[in-house]
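In what follows, a structure is listed as structure tokens, so that the remarks can point back to it.
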Amino acid sequence: MANDSSMTTTRMTWFPLTRTALGFLRRELSNLFLVIGQAVLMTRAMFGFLIRGRLKPRHFFDQASFIGLDTLGIALIMVTFSAMVIALQVAKEMVKQGAGGYVGALVSLAVLRELAPIMTAVAVTAMAGSAFAAELCTMQISKQVDALRTLHVDPIRYLVLPRVMAGIVMIPLMTVVTATAGILAGMVISRLLADIPFWQYLDSVWQQTEYKDVFATLLKSSIFGYIIVILSTSIGINTTGGAREVGIATTRAVVWSFLTVAIFDYILTYLIYGSN
Amino acid sequence: MIRADEKPLISVRDVHKSFGRNHVIQGVSLDVRAGETLAIIGISGCGKSTLLRLICGLEPPDSGEVTLEDDNYGFVFQYSALFDSLNVFENVAFSLVEEPDRNGGRRQELPDSEIRRIVSEKLRLVGLEETEPMMPNDLSGGMRKRVSFARAIVSNPRIILYDEPTAGLDPIASTVLENYISALGRELGAASIVVTHQHSTIQIADRVCLLHKGTIRWMGTPEEMKVTDNPYARQFFDASLEGPLTPDLV
């Protein structure tokens with residue numbers, strides 16, 4: 001009797017919960033496909049403006065400085081400390097195993113191939129992606145996007161194109177800076193904790209790092225930049241409603257950017273290194 | 001002076017628009033000529049703002065035709081819709097500085113001194129020449145509306161569309177704005193459409209068009225509205241609870 005009652009309670013609790021979860025998943029997936037479709041259309045329109053030379057340098061530099069100045073500090077801290085943690089974890093052990101000459105290579109490859117592009121992308125998503133989604137969503141809701149149209153200015157050319165181009169250009173540049181800082185931070189930690197000389201660390205970095213690694217980092221960062229900004233702006237400019245929707249759009253832009261970057265990180269890494 | 005034989009600057013022919021199952025505009029036709037002000041009135045949700053969005057191309061009609069004789073038009077939004085990242089000067093100067101995208105056209109480049117002169121002149125017209133460096137968030141509702149006016153008329157449009165320009169303003173601020181609308185219509189010889197609920201704003205129009213459930217129920221002058229037997233116009237004008245509009249009000 002007691003068992004029957006507990007089964008009934010469980011069924012009554014879990015069935016609506018499962019239905020709610022499935023409904024949420026279905027809604028989010030349909031939203032995701034909608035946003036991807038809108039992003040594709042926006043990309044096509046942007047390409048048209050770009051080949052007609054309609055990107056104004058002033059708009060581009062405004063957005064580039066926003067992405068760079070607002071995000072670089074946080075990206076630097078994230079990548080530098082992550083590189084220091086790697087050096088902290090492996091330097092002493094590798095010296096004990098007689099592989100002290102490979103610490104620089106290990107830190108350098110980890111930072112260049114993975115940490116710097118991903119951490120920089122995360123910092124840009126959190127700072128710039130969320131700001132773009134919230135700003136464009138507010139502009140849409142307060143009819144500023146309509147006002148642009150009535151003044152014969154295309155919102156994709158004026159609002160989206162400079163942001164996307166700034167993302168594609170700035171994130172690789174920032175990644176170069178954060179990767180360099182990370183490798184140097186690893187060098188300092190290796191010297192302090194495992195007594196690895198600077199020249200030995202740098203020699204290891206130089207010997208084991210290939211041009212391909214640098215190219216892969218720049219390519220990944222550019223693609224991450226495109227993904228983050230096109231998703232954030234697409235979600236922002238296509239949202240309607242009120243203050244609640246601004247919050248939802250901002251959260252959605254950040255979460256979807258993280259997920260898409262993680263998926264593309266695996267695909268790109270496989271395409272670049274997987275076949276070896 | 002409005003001439004009936006003159007070609008209308010705004011022409012709407014049998015326009016229909018639906019959002020899902022909601023048939024918002026159902027076969028509306030109207031003309032507005034140079035120097036004429038048409039007030040569109042009706043209860044909330046009757047399709048006034050949608051009609052205005054159809055006229056300026058913010059929404060495409062499902063069927064029918066909207067023709068604007070001049071692509072250069074101004075639009076004053078209900079809540080001003082000023083660009084909040086730009087100051088008052090930059091907002092008003094926007095269409096002089098930014099190249100238009102429509103028709104792939106490039107605007108004739110004006111020297112900075114000329115842009116400054118035009119913007120100052122338009123801001124002086126609305127009594128806000130001191131506010132150039134201020135941000136929209138620092139302005140009152142009435143001031144924002146006036147800046148929005150200045151932005152709409154900066155390129156001397158021959159067509160001006162107003163979406164509830166006096167909504168939410170005190171009676172004095174409303175009168176100030178209504179005087180601007182009248183003066184702009186006269187000075188620019190523009191064809192104007194004003195979507196409004198307010199009696200005082202209706203009085204400045206040459207013609208009034210009452211919209212209900214997406215259909216024009218009555219059209220005439222403000223004077224005719226006072227004496228008409230049309231039950232829709234009568235109920236709206238008298239603000240009565242009895243009449244054909246009531247089922248949609250309660």
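Residue numbers (this note's numbering), protein chains in the order written: chain A, 1 to 276; chain B, 1 to 250. Beta carbons: idealized from backbone N, C-alpha and C, even for Gly.
Rounded C-beta distance between Ile216 of chain B and Val28 of chain B? I'm assuming under 8 Å.
-> 6 Å
Give me the Cα-Cα distance between Gln140 of chain A and Val246 of chain A, rounded to the nearest whole angstrom.
-> 10 Å
Which residue from B:Leu139, B:Arg13, B:Arg33, B:Glu242 puts its Cα closest to that of Arg158 of chain B?
-> B:Arg33
Is the CB-CB distance between His212 of chain B and Cys46 of chain B below 8 Å?
-> yes
Quick one: what does DSSP say Ala2 of chain A is sitting in, helix, strand or coil?
-> Low confidence applies here, because Ala2 of chain A scores a pLDDT of 47, under 50, leaving its location unreliable and the question unanswered by this model.
Those residues which DSSP pairs with Lys17 of chain B across a bridge = B:Ile25
List the residues of chain A whose Cβ lies closer than 9 Å to the Cβ of Phe83 of chain B, in chain order.
-> Met139, Gln144, Ala147, Leu148
For the alpha helix (DSSP H) containing Leu210 of chain B, list its first residue and its last residue.
-> Unbroken run through Leu210 of chain B is the beta strand (DSSP E), 207-212; no alpha helix (DSSP H).
Give a yes or no on whether the minimum CB-CB distance between Leu151 of chain A and chain B is below 8 Å.
-> yes
Does the region 84-100 of chain B come close enough to the region 126-138 of chain B to have 3 or more Cβ pairs within less than 8 Å?
-> yes
Interface residues of chain A facing Glu98 of chain B [CB-CB closer than 8 Å] = Leu151, Val153, Tyr158
Which word fits Val255 of chain A, buried or exposed, when buried means at least 16 other C-beta atoms lie within 10 angstroms of its C-beta?
-> exposed
Can a CB atom of chain A be found closer than 8 Å to the CB of Ser95 of chain B?
-> yes
Backbone CA spacing between Asp62 of chain B and Gln26 of chain B [nearest angstrom] = 10 Å
Counting only beta-carbon atoms, is Asp101 of chain B nearer than 8 Å to chain A?
-> yes
Classify Ser240 of chain B as buried or exposed, calling it buried when 16 or more other Cβ atoms lie within 10 Å of its own Cβ.
-> exposed
Please check if any C-beta of chain A sits within less than 8 Å of the C-beta of Cys56 of chain B.
-> yes
How about Ala167 of chain B and Gly74 of chain B: are their beta carbons less than 8 Å apart?
-> no
Looking at C-beta atoms only, is the number of pairs between the region 146-155 of chain A and the region 252-267 of chain A that lie closer than 8 Å three or more?
-> no
Ser120 of chain B - DSSP class collapsed to helix/strand/coil | helix
Does DSSP put Pro231 of chain B in a helix, in a strand, or in coil?
-> helix
So, do the region 155-172 of chain A and the region 52-61 of chain A have three or more beta carbon pairs nearer to each other than 8 Å?
-> yes
Mind checking if Tyr180 of chain B is an interface residue toward chain A, Cβ cutoff 8 Å exclusive?
-> no
Does Phe19 of chain B get closer than 8 Å to chain A when you measure Cβ to Cβ?
-> no
Does any C-beta atom of chain A lie closer than 8 Å to the C-beta of Tyr232 of chain B?
-> no
N- and C-terminal bounds of the alpha helix (DSSP H) containing Ala64 of chain A | 57-96
Pull up the CB-CB distance for Thr175 of chain A and Ser221 of chain A, whole angstroms please, since I reckon it's below 8 Å.
-> 4 Å
Quick one: what's got a C-beta closer than 6 Å to Ile267 of chain A's C-beta in the same chain, skipping five residues either side?
-> none
Compare the C-beta of Phe237 of chain B against all C-beta atoms of chain A and say whether one is closer than 8 Å.
-> no
Is the distance from the Cβ of Ala91 of chain A to the Cβ of Leu193 of chain A below 8 Å?
-> yes
Nearest to Gln207 of chain A by alpha carbon, out of A:Tyr102, A:Arg163, A:Met187?
-> A:Tyr102
Count the other CB atoms within 10 Å of the CB of Leu29 of chain A; is the residue buried (16 or more) or exposed (fewer)?
-> exposed
Where DSSP assigns a beta bridge to Ile41 of chain B, which residues make up the other side?
-> B:Leu210
If the cut is a Cβ gap below 7 Å, which residues of chain A does Tyr162 of chain B touch?
-> Near Tyr162 of chain B there are no residues of chain A at all, since even the closest Cβ is about 12 Å away, more than 7 Å.
Residues, ordered as in the chain, of the region 145-160 of chain B that lie near chain A by beta-carbon distance below 7 Å = none
May I ask which residues mark the beginning and end of the alpha helix (DSSP H) holding Ser192 of chain B?
-> From DSSP, Ser192 of chain B is part of no alpha helix (DSSP H) but of the beta strand (DSSP E) over 191-195.
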